[in-house]
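Count the sequence shown with my numbering and you get residues 40 to 155, in order. Inspection log for the structure reproduced underneath, given as structure tokens.
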Amino acid sequence: MKVRKQSIDQLMTTWETFANEYIESEDSIFEWQNYMDARRLIEGLLESTSDAKKGKIKKDLKAADLKVLDQTFEINECVWNKETESKEGYNRHHNWYYYRLNQGVFDTEPGQFTKR
């Protein structure tokens, strides 16, 4: 299967759309995981972005992140299973977005997550 490489601009559009339009209404864990992965990929691409572009992206990223933080709550578990969390090295401090949910996803995954 051929995977199309997304640009940081495309990923930022995805993250901002999520933060502005879907953060409250999303109720699918699979879609949620996709959005959180977009956020992780942005971090990885930021390192190779030009300094001129990096400043704007960081500003826009911070604004979207604040919306996500405001509309979600922290959970004890990673949105990925423990095996993936350990294998990929996700942690609550650096990958905070993998440890947050909205009420819709939380409600559709009974028993999978606990609020922190």
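Where a beta carbon is used, it is the ideal one built from N, C-alpha and C, also for glycine.
- The beta carbon of Phe145 sits closer than 7 angstroms to those of Phe152, all from its chain and outside the five residues before and after it, given in chain order.
- Separation of the CB atoms of Val107 and Ala58 is rounded to 5 angstroms, and the pair is thereby assigned contact status at 8 angstroms.
- The alpha helix (DSSP H) runs lying completely inside the stretch 89-138 and spanning 4 residues or more are 90-110 and 121-127, given in chain order.
- Leu140 is bridged by DSSP to Phe112.
- By the Cβ test, the stretch 108-120 is not in contact with the stretch 77-92, since fewer than three Cβ pairs between them sit closer than 8 angstroms.
- Taking 8 angstroms as the cut-off, the Cβ atoms of Trp119 and Ile81 do not count as close.
- Between Tyr138 and Ile114, the beta carbon gap of about 6 angstroms places them in contact (Cβ cut-off 8 angstroms).
- Of all alpha-carbon atoms in Phe69, Ile68, Glu122 and Cys117, the one lying nearest the alpha-carbon of His132 is that of Cys117.
- The C-alpha of Asp66 lies about 25 angstroms from the C-alpha of Asp48.
- Of the residues assessed, Ala103 falls on the buried side of the cut-off, its CB having 16 or more other CB atoms within 10 angstroms.
- Residue environment: Leu105 is assigned as exposed (fewer than 16 neighbouring CB atoms within 10 Å of its CB, all protein chains considered).
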